[in-house]
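In the working numbering, the protein residues as written are 41 to 229.
As structure tokens, then:
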């Protein structure tokens, strides 16, 4: 009788696990970060800042800073640097570099940190940069309650990128990408 009880217990647990839906999250996912990179590189490539530039234009060297994370999601510093490195290494901007005579650099002291986070593309370095790029990620969270339980959560995200001229400190490019993620179900599930 004990063996039959154990078999029924295992089967009931297996069925319960098999019937569960996959966990939902309203947090930032790697697909979201891929989309942010694609959108922002396309927006920069088609921006007024780069519109009239050509291969013989005076060179622009943009040094990048890590993402300023003001979201409720935990993004480690190495990943904040890698997000900016991914933008500068994106396919859309590779062709723009040659056509518009611009290049990007990560401050060399952060190269090992970015490599530890898994970024393997070249990290160019030059001592004379002309512009700086920053990014700020923000989020706002909304929850839905029923009978005292949280049954839904929506996170709204805004990723803003800016480029400043180092000499004049003027803002020369500013754009953003916004999206929302939603998760449904009781929080205790």
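Idealized CB from N, CA, C, for every residue including glycine.
At what residues does the alpha helix (DSSP H) containing residue i begin and finish?
i, result
"residue 86", "Premise fails: residue 86 is in no alpha helix (DSSP H) and is neither H nor E."
"residue 93", "Per DSSP, residue 93 belongs to no alpha helix (DSSP H) and is neither H nor E."
"residue 126", "117-128"
Return yes when the Cβ of residue j is within less than 8 Å of the Cβ of residue i, no when it is not.
i, j, result
"residue 140", "residue 124", "no"
"residue 77", "residue 130", "yes"
"residue 122", "residue 215", "no"
"residue 190", "residue 183", "yes"
"residue 178", "residue 110", "yes"
"residue 128", "residue 101", "no"
"residue 223", "residue 192", "yes"
"residue 113", "residue 67", "yes"
Throw me the rounded Cβ distance for the residue i and residue j pair, which I believe falls under 8 Å.
i, j, result
"residue 204", "residue 172", "5 Å"
"residue 201", "residue 220", "Actually they are not in contact, since the Cβ atoms of residue 201 and residue 220 sit about 19 Å apart, beyond 8 Å."
"residue 152", "residue 103", "Actually they do not touch by this definition, with Cβ atoms about 17 Å apart."
"residue 75", "residue 174", "20 Å between Cβ atoms; not a contact."
May I ask you to list the residues that DSSP assigns as paired with residue i?
i, result
"residue 179", "197"
"residue 23", "Any question about residue 23 goes unanswered here, given that the chain covers just 41 to 229."
"residue 143", "101"
"residue 203", "173, 213"
"residue 219", "197"
"residue 186", "189"
Over the uninterrupted beta strand (DSSP E) stretch that includes residue i, give me the two end residues.
i, result
"residue 169", "Per DSSP, residue 169 belongs to no beta strand (DSSP E) and is neither H nor E."
"residue 97", "Run containing residue 97: none; DSSP gives neither H nor E here."
So which of the options has the shortest CA-CA distance to residue i?
i, options, result
"residue 88", "217, 223, 212, 222", "212"
"residue 143", "108, 199, 85, 115", "85"
"residue 137", "73, 114, 98, 217", "98"
"residue 159", "126, 93, 195", "126"
"residue 168", "207, 194, 188", "207"
"residue 70", "119, 83, 185", "119"
"residue 115", "73, 92, 170, 95", "73"
"residue 209", "185, 195, 170", "170"
At a threshold of 7 Å, does residue i count as lining the ligand ZN (C-beta to nearest heavy atom)?
i, result
"residue 158", "As far as ligands go, the structure on display features none, and thus does not contain the ligand ZN."
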